[in-house]
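A short write-up of the structure that comes next.
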Amino acid sequence: MAASIKDVAKEAGVSIATVSRVLNDVDVVNEETKKKVMDAIKKLDYRPNIVARSLKTQKTRTIGIVIPDISSQFYPEIVRGAEDVSNIYNYNVILCNTDLDMEKEKEYIRVLKEKMVDGVIYMSSSLAPEIISLLQNLKLPTVLVETSEKEGTETEFCSVTIDNEKAAYEAVEYLIKKGNKKIAYIGVNPKMANASAIRFYGYKKALEENGLEFDEDLVQFGGLKAIDGSDGISAILKKAKFDAVFCAGDEIAMGAINALRENNIKVPEDVDVVGFDNIYTSSIFYPKLTTIEQPTYDMGSVGMRMLIKIINKKELDQKKYVLPHTLIERDSCKK
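Going by full-length UniProt numbering, the sequence shown opens with residue 1, and the numbers climb by one from there.
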């Protein structure tokens, strides 16, 4: 028969109310008493009734993590960072994969509210106004991770990102310093309200500030998959010549390199290619990919720490974290 809270109290030699305070992390219990209770819980293998506890405290110690594409290599390290921190603070995680479908995304957010999650780590391919409204109306504590808002439309949500425009600028300037003058761009349409889309502005700014003409024929918008890189190269080759390609994601870059090979264009001998994200396969793909590294694990862990502070009404050091990025030089660009 499963142990009850009464059994724990008896074993620890304390009142049921004291056990309840320890379980709910109320600060009034001294460390010695808390240890007795925790030892009793461990000895009796006591597991509290989560449903009953959540009804009383209005907290489930559960956090929803919303990601747009579980098949992407980019998101697992973010989730790992978030989950590791949630485990430290005894929170459980519900992972929701939206498949880049906004209706599915909205439904998941509603389901998370129904399941009384304490908060949400939100990542998405597009931070649409209706999603912002839904999160606000449902009063779900939310931290945006990797996802960013359009300039001038900032919400009260806390966030963890890198400076995507600056990172893209540095990647393109790196290509320019290699002597490249016709630099193509394959990535997400800048009309989309997400981090990947912002990279286009960094690309364009780097060209303009280095005296290179912006050419629409060298730009191809699409998704973040390898097929988008392949299709992007095929489309650009029909319109213009180029000596380098900046891709808004590593999977795009790999697809672009494959398409270049199929057209007998060598990388990096004929064309330099730079990706973005530094996903695992970028270091084992041939040629090994020069890319912008995002601190994915840290993004998840910082985001989760922020969210847990918000849930517990503790003061934040800051609301917007912009973590450092790094240019990783490998073999897809000329030395």
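Ideal placement from N, C-alpha and C gives every residue a C-beta, glycine not left out.
Decide if residue i is buried, meaning its Cβ has at least 16 other Cβ atoms within 10 Å, or exposed.
i: residue 353; result: With the chain represented from 1 up to 335, any question about residue 353 goes unanswered, as that position is not in the structure.
i: D317; result: exposed
i: A2; result: exposed
i: V22; result: buried
i: E83; result: buried
i: E216; result: exposed
i: E269; result: exposed
i: K36; result: buried
i: M116; result: exposed
i: E315; result: exposed
i: D101; result: exposed
i: E156; result: exposed
i: V66; result: buried
i: S283; result: exposed
Excluding sequence positions up to five away, which residues of its chain have a Cβ less than 7 Å from the Cβ of residue i?
i: I16; result: I5, K6, A9
i: E173; result: A206, N210
i: L260; result: I233, V267, V271
i: E293; result: N278, H325, T326, I328
i: N263; result: L237
i: F214; result: K204, L207, E208
i: F285; result: M254
i: T161; result: E146, S148, A195, V322
i: T33; result: V14, T18
i: Y280; result: Q73
i: G119; result: I63, L140, P141, T142, L307, I310, I311
i: K166; result: G202
i: N90; result: R61
Does the beta carbon of residue i fall short of 7 Å from some heavy atom of the ligand ATP?
i: I284; result: This structure simply doesn't include the ligand ATP, nor any ligand for that matter.
Suppose the cutoff is 6 Å on Cβ atoms and the five residues either side in sequence are ignored; what does the same chain contact list for residue i look like?
i: V245; result: A184, A256, V273
i: A168; result: R199, G202, Y203
i: N30; result: none
i: I310; result: P141
i: N164; result: A195, I198, R199
i: T290; result: V274, E329, R330, S332, C333
i: A171; result: F246, V274, I292
In the DSSP assignment, find the alpha helix (DSSP H) that holds residue i and state where it starts and stops.
i: T296; result: 296-311
i: D39; result: 31-44
i: F200; result: 195-209
i: K10; result: 5-12
i: I67; result: Taken as a continuous stretch (DSSP letters only), I67 belongs to no alpha helix (DSSP H), being part of the beta strand (DSSP E) at 62-67.
i: Y174; result: 164-177
i: T18; result: 16-23
i: I70; result: Taken as a continuous stretch (DSSP letters only), I70 belongs to no alpha helix (DSSP H), as it is neither H nor E.
Please check if any C-beta of chain B sits within less than 8 Å of the C-beta of residue i.
i: R110; result: The structure shown has no chain B; it contains just one protein chain.
With residue i and residue j assumed to form a contact (beta carbons below 8 Å), what rounded beta-carbon distance in angstroms separates them?
i: T62; j: N92; result: 5 Å
i: V145; j: I121; result: 6 Å
i: L112; j: G179; result: Going by Cβ atoms, the distance from L112 to G179 rounds to 51 Å, so no, they are not a contact pair.
i: I186; j: Q220; result: 5 Å
i: M38; j: I78; result: The pair is not a contact, with the Cβ atoms about 31 Å apart (cut-off 8 Å).
i: L218; j: K177; result: The pair is not a contact, with the Cβ atoms about 18 Å apart (cut-off 8 Å).
i: F276; j: A235; result: That belief does not hold up - the Cβ atoms of F276 and A235 are roughly 20 Å apart, past 8 Å.
Give me, in chain order, the residues of the same chain whose beta-carbon lies closer than 8 Å to that of residue i; leave out the 5 immediate sequence neighbours on both sides.
i: L44; result: A3, D7, V8, E11
i: L134; result: K106, I109, R110
Which stretch, first to last residue, makes up the beta strand (DSSP E) that contains residue i?
i: G187; result: 183-187
i: L323; result: 320-323
i: T290; result: 290-293
i: V219; result: 219-221
i: L327; result: 326-328
i: L134; result: Note, L134: premise wrong, no beta strand (DSSP E); alpha helix (DSSP H) at 129-137.
Check: Which residue spans inside the segment 82-108 form an unbroken alpha helix (DSSP H) run of at least 4?
Finding: none
Check: Taking only runs of the beta strand (DSSP E) that begin and end inside the segment 245-280, which ones reach a length of at least 3 residues, in chain order?
Finding: 272-277
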